[in-house]
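Working notes, beginning with the structure itself.
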Ligand code: S3P
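Numbering (the numbering used here), first residue to last: 540 to 997.
So this is what it looks like as structure tokens:
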């Protein structure tokens, strides 16, 4: 088991470029893999989650040529030649690792295929509810078999002659919305998903990028079946969910300033900036490019934070940032209430329980609710041993908390960070070492091994 030891932060790097956006990287691999030609994907996030998606698309006929690798991070640029929307049956089960996005979005794609495929994953993924994707896909005509009442992985999906449906999502979930829209690409006519609250719209944007026609009417999103994505090169912006860790570190450090470069600024994801501004943070973001997915630099100046209430319609927009926003709440004056966030209980781990427990270990008072928590801000944090429950965002959120604590904080099981942020420890060390001048990560343009071989080793 890997561990990270964190002590009080010593210095601030002037800037950090976070790796590619996880949600967009998954979708880039899926759409490029179903497209009619070759797409060069740049800025790809080579995290374990996204590599599961690449490997799955390869197993179903996409051809992946590695083009550029970053040392300590992984494959960031590749050429993906699609197999077309009708994929090849994989030779064996598809391993989705820890990745909810892989299993749920691929479920939509598999629903439209002419074969049966099995998808499995690690212990955490195998406990997460897949009924939420099974229900609409079965209504469309696919056969979806899983374990128990929650239809957990391993899943067996047999594609069928799909029928278009109009489906109202029972929960605000971009993953479920995307699964239905992806299946809708294989159904004749118009498939419509109605979302109760606006969720991240990367699937809609990437459909436009690949020339797949869709419409939005209020909270109803529709796609027409029978379309083939057209290959078109794509540059993935940095992940705002990864940038969020450094945003909080900077926002809570009076006198400090940091620039986060090339961060994705899709308005369905920038809730973390809105919340931090409400807490009194000084943040400026400038959009440098908005083709496909908006992106730009974010400058954060440290100051004193105040508690806030996070809930209602903004929850889907900050769903992945709630663990680090809870840490911001602990560092703030006054109390922070997180509510309407029951979905946190079915993420990589029960994030309400994991955040509450670890904050308490560091000396913070937390009141836990079924749908959130109240954090009593302003306590002096002390170092502690953190249990991550194999959840990358718990590990990183508490590495940041450790920077503000007296004594040493030990993050046990820190290898899970590779799920979404390879290179996190390198970036963390820029704050901890105090040398401020760590060399940038070098780019290796010659990739030593083909991606398939490299992935098989893992
Ligand atoms: C994601 C959607 C969110 C998010 C996850 C990635 C996506 O999940 O938590 O990390 O890429 O669509 P839900 O849509 O289930 O809330």
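The beta carbon of each residue, even a glycine, is placed where N, CA and C say it ideally should be.
### Task
Check whether the Cβ of residue 586 sits closer than 7 Å to any heavy atom of ligand 1, and report yes or no.
no
### Query
Quick one: what's residue 618 bridged to in DSSP?
Beta-bridge annotation (DSSP): residue 618 is paired with 579 and 604.
### Task
Excluding the 5 residues preceding and the 5 following residue 976 in the sequence, name in chain order all residues of the same chain whose CB lies nearer than 8 Å to its CB.
For residue 976, the pLDDT reaches just 45, beneath the cut-off of 50, and the residue's location in the model is therefore unreliable, although a value from the coordinates is still provided. Excluding residues within five positions, none has a Cβ falling inside 8 Å.
### Message
By the DSSP assignment, the alpha helix (DSSP H) with residue 818 in it spans what residues?
### Response
Counting along the chain, residue 818 falls outside any alpha helix (DSSP H), and DSSP gives it neither H nor E.
### Message
Within 10 Å of its beta-carbon, does residue 675 have 16 or more other beta-carbons around it, so buried, or fewer, so exposed?
### Response
With 16 or more Cβ atoms within 10 Å of its Cβ, residue 675 is classed as buried.
### Query
Going by the CB atoms, is the gap between residue 694 and residue 642 shorter than 8 Å?
The answer is yes: Cβ separation under 8 Å.
### Task
Using only the heavy atoms of ligand 1, determine whether one of them is closer than 7 Å to the beta carbon of residue 565.
Between ligand 1 and residue 565, a heavy atom-to-CB distance of less than 7 Å is present.
### Query
Relative to ligand 1, is the shortest distance from any of its heavy atoms to the C-beta of residue 882 smaller than 7 Å?
yes
### Three-state class that DSSP yields for residue 751 in the structure shown
coil
### Message
Using DSSP's beta-bridge definition, name the partner residues of residue 805.
### Response
Paired residue(s): none; residue 805 is not in a bridge.
### Pairwise C-alpha distance: residue 908 and residue 861
Their backbone Cα atoms lie some 14 Å apart in a straight line.
### Query
Once you ignore the five residues that flank residue 904 on each side, which residues in its own chain have a CB closer than 6 Å to its CB?
Counting only Cβ-Cβ distances below 6 Å, and skipping sequence neighbours, we find 915.
#### Entry: 3-residue-minimum beta strand (DSSP E) runs that sit fully inside the region 660 to 727, ordered along the chain
682 to 686, 691 to 697 and 705 to 707
### Message
I need the straight-line Cα distance from residue 951 to residue 925, nearest angstrom please.
### Response
Each residue's alpha carbon lies about 6 Å from the other.
### Query
Just to confirm, are residue 639 and residue 714 a CB contact at a threshold of 8 Å?
yes
### Query
What did DSSP end up calling residue 949 once you bin it into helix, strand or coil?
strand
### Task
Use the C-beta contact count for residue 700: other C-beta atoms within 10 angstroms, 16 or more gives buried, fewer gives exposed.
exposed
### Query
Heavy atom of ligand 1 less than 7 Å from the Cβ of residue 858, yes or no?
yes
### Message
Just checking residue 713 against ligand 1 - is the residue's beta carbon closer than 7 Å to any of the ligand's heavy atoms?
### Response
yes
### Query
What residue does the beta strand (DSSP E) around residue 914 start on, and which one ends it?
911 to 915
### Query
Should residue 693 be flagged as near chain C, meaning a C-beta pair shorter than 8 Å?
This model lacks chain C altogether; it includes just one protein chain.
### Euclidean distance between Cα positions of residue 938 and residue 545
6 Å
#### Entry: Three-way DSSP call (helix, strand, coil) for residue 555 in this model
strand
### When 943, 580, 872 and 933 are compared against residue 560, the one with the closest alpha-carbon
580
### Task
Give the range of the beta strand (DSSP E) segment to which residue 587 is assigned.
Where residue 587 is concerned, there is no enclosing beta strand (DSSP E), although the alpha helix (DSSP H) it sits in stretches over 587 to 598.
#### Entry: Three-pair Cβ contact test at 8 Å for the region 613 to 627 versus the region 573 to 591
yes
### Task
Starting from the C-beta of residue 710, find all residues in its chain whose C-beta is less than 8 Å away, skip the five residues before and the five after it, and write them out in chain order.
671, 735 and 882
### Query
What do you get for residue 872, buried or exposed, if any count of 16 or more other CB atoms within 10 angstroms of its CB means buried?
exposed
### Task
Rank 966, 900 and 956 by C-alpha distance to the C-alpha of residue 947 and give the top, closest one.
900
### Query
Could you check where the beta strand (DSSP E) with residue 876 kicks off and where it finishes?
874 to 877
#### Entry: Stretch pair the region 830 to 843 + the region 789 to 802: three plus CB contacts closer than 8 Å
yes
### Task
Flag residue 646 as yes when its Cβ comes closer than 7 Å to any non-hydrogen atom of ligand 1, and as no otherwise.
Not so, every heavy atom of ligand 1 lies at least 7 Å from the Cβ.
### Query
To which residues does DSSP link residue 852 through a beta bridge?
None, per the DSSP bridge assignment.
### Task
Determine the closest residue to residue 793 out of 850, 821, 631 and 817, with distance taken between C-alpha atoms.
821
### Task
With distances taken Cα to Cα, identify the nearest neighbour of residue 910 among 806, 696 and 889.
Among 806, 696 and 889, the Cα nearest to that of residue 910 is on 889.
#### Entry: Under 8 Å between C-beta atoms of residue 884 and residue 891
yes
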